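Reviewing the structure listed below.
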Amino acid sequence: MLKLEKGGEVMDLLWYFLGGMFVFNSLPHLISGIIGNRHMTPLGKDSSAIVNVVWGFVNIAVGVYLISLVTGSLQIVPPAEGLVVYLLGGLVMSLMDANLFSNPNAKMPW
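Written as structure tokens, this is what we have:
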């Protein structure tokens with residue numbers, strides 16, 4: 015069970031949050047790539063469908079790795095005690111993606 019009194023548990027919550035962000039960020043890239051559409055990635059504003067599928071899987075791999083820092087096993091969804099924070103990370107990333115991708119003049123911050 016996660017408790018906020020100890021520093022280690024706070025880091026667990028951070029890993030769950032960031033894991034959720036990465037896993038949820040994979041969705042627009044995977045969906046765009048699978049249906050053959052070009053879509054923005056950090057590699058370019060108009061990345062190919064193949065690049066989007068690969069970028070989506072990179073996001074999943076990073077998210078699973080971050081969750082494994084807490085659980086010690088590879089899983090895409092954390093155990094119950096981290097699920098709310100994981101979903102909150104997913105919500106934050108989904109809102110950020112919606113804001114970025116709805117702008118026709120969108121560009122990456124860098």
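Here the working numbering runs 14 ahead of the position in the sequence shown, where the first position is 1. Beta carbons are placed, not taken as given, at the ideal position from N, Cα and C, and that holds for glycine. Values in this document were obtained by computation on a predicted structure and should not be read as measured data.
Within 10 angstroms of its Cβ, does residue i collect 16 or more other Cβ (buried), or is it exposed?
| i | result |
| --- | --- |
| S100 | What sits at residue 100 in the sequence shown is Tyr, not Ser. Y100 should be labelled buried. |
| D60 | exposed |
| I48 | exposed |
| M110 | exposed |
| G96 | buried |
| L57 | exposed |
| I64 | exposed |
| P92 | buried |
Between the Cα of residue i and those of the options, spot the shortest distance and give me the residue it belongs to.
| i | options | result |
| --- | --- | --- |
| V76 | A63, S46, I90, L44 | I90 |
| L88 | L109, Y30, M110 | Y30 |
| D26 | N117, S108, A112, V98 | V98 |
| G70 | M122, F36, L32 | F36 |
Starting from the C-beta of residue i, find all residues in its chain whose C-beta is less than 7 Å away, skip the five residues before and the five after it, and write them out in chain order.
| i | result |
| --- | --- |
| K17 | Low local confidence applies: a pLDDT of 49 at K17 is under 50, so the model's placement there is unreliable, and no value is given. |
| L83 | W29 |
| S108 | F38 |
| R52 | D60, S61, S62, A63 |
Who are the near neighbours of residue i in its chain, counting only those whose CB is closer than 8 Å to its CB and skipping five residues on each side?
| i | result |
| --- | --- |
| L114 | M54, A120 |
| V78 | G33, V37, L88, Q89, I90 |
Given residue i, which residues of its chain have a CB within under 6 Å of its CB, disregarding the five upstream and five downstream residues?
| i | result |
| --- | --- |
| G104 | G34, F38 |
| L211 | It is not possible to answer for residue 211, since the shown part of the chain is limited to 15 through 124. |
Between residue i and the ligand GTP, is there a pair consisting of the residue's CB and a ligand heavy atom that are separated by less than 7 Å?
| i | result |
| --- | --- |
| L80 | As presented, the structure is devoid of all ligands, the ligand GTP included, so that no description of it is given. |
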